[in-house]
Amino acid sequence: MLAMQFVGLMLGATLAHAKQFMAPSAASAPSHEAFTALLRVKGKPLDPMVSSLAAMAESISKQEPSAREQSVNSIKTLLQGLLDSITSQHTIAQKSVTNQSTFDSCNAQKLTDLTHAENVKIGVNWTDTTDAYNACQAEFQAMNNTFTSCYQQEEMLRVAATARCEYFASVDRSSNFQSWFCHEDDFPASSSYEAYLQRNIEMLADFRNRRANCTNATAAQSSKMLECTGYQQQASAKEVMCAHLTPYANPADCSSYEAKKQACISYSHCRTQG
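Here our numbering runs 506 ahead of the position in the sequence shown, where the first position is 1.
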């Protein structure tokens, strides 16, 4: 503002002296040194444009009256350009000062918001179950492996029991023992009665042996199946327990992130407003 006032005063002084230069008497015109001293402010060096104006003002006294008006107009044009330049620089400087103030204000608010975001993270009560979950999963995996191994053994016992029971079924006529007599014709008539009885004894022994094998194999398979069922139930219960220990993200991490995100958005908006 002071710079613009100075230019205004300088413009008035210059035009006043220019009118004197346009007067018929050139003896009363101030010298170049006198005009330079008039435009000098507090002993500071003159701006090149101001110095040029002073030189032009002095030269007017040496011109013909008809040419002096054009020189005065030239000086007025230069002074107006100087005034516009100072006004523009003043506007830029003032805006810079305003922007700096806004920047400081926005920065302070951003720091406050980020501090709040950290406090949100500290304030949330949360338990990390990652280690407990990993230990539980290891136990579940061991139990599941035991069940898998047991199931494979049970399958082999099932195959064996099926084969032995089918072998027994091939001689088992207990459900329709009358059909057995159809095999009487297979016994040679020339054989003795004693041989006939011996054959029946051997058939009975084979029958009993096959039946025992079928019964034992079935019992072994059934026992293994019950054992495997127990392992499966234990593994299933452990799996449910592990599910309750499944780690989840700290709510504070999300809350803190959202708070920081909002702080950045507010800061950006604040700078835009500035």
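We put the beta carbon where it would ideally sit given N, CA and C, even for glycine.
Segment limits, alpha helix (DSSP H) that includes residue i
i	result
residue 661	636–675
residue 737	699–750
Coil, strand or helix - residue i by DSSP
i	result
residue 575	helix
residue 590	helix
residue 618	helix
residue 533	In this predicted model, residue 533 has a pLDDT of only 42, less than 50, meaning its place in the structure is not dependable enough to derive any value.
residue 764	helix
residue 624	helix
residue 778	helix
residue 754	coil
residue 610	helix
residue 597	helix
residue 769	helix
residue 527	Reliability fails at residue 527, whose pLDDT of 44 lies under 50, so the model's placement of it is uncertain and no value is given.
residue 583	helix
Where residue i falls, given that 16 or more other Cβ within 10 Å makes a residue buried
i	result
residue 741	buried
residue 649	buried
residue 667	buried
residue 581	buried
Beta-carbon contacts of residue i that lie in its chain and below 7 Å, excluding the five residues immediately before and after
i	result
residue 747	642
residue 673	716
Contacts around residue i, its chain only, beta-carbon distance under 8 Å, and the 5 residues preceding and following it disregarded
i	result
residue 656	730, 733, 734, 737
residue 710	none
Residues of its chain near residue i, where Cβ-Cβ distance is below 6 Å and the 5 sequence neighbours each way are ignored
i	result
residue 723	666, 667, 670
residue 751	635, 638, 639, 642
residue 712	none
residue 767	none
residue 719	670
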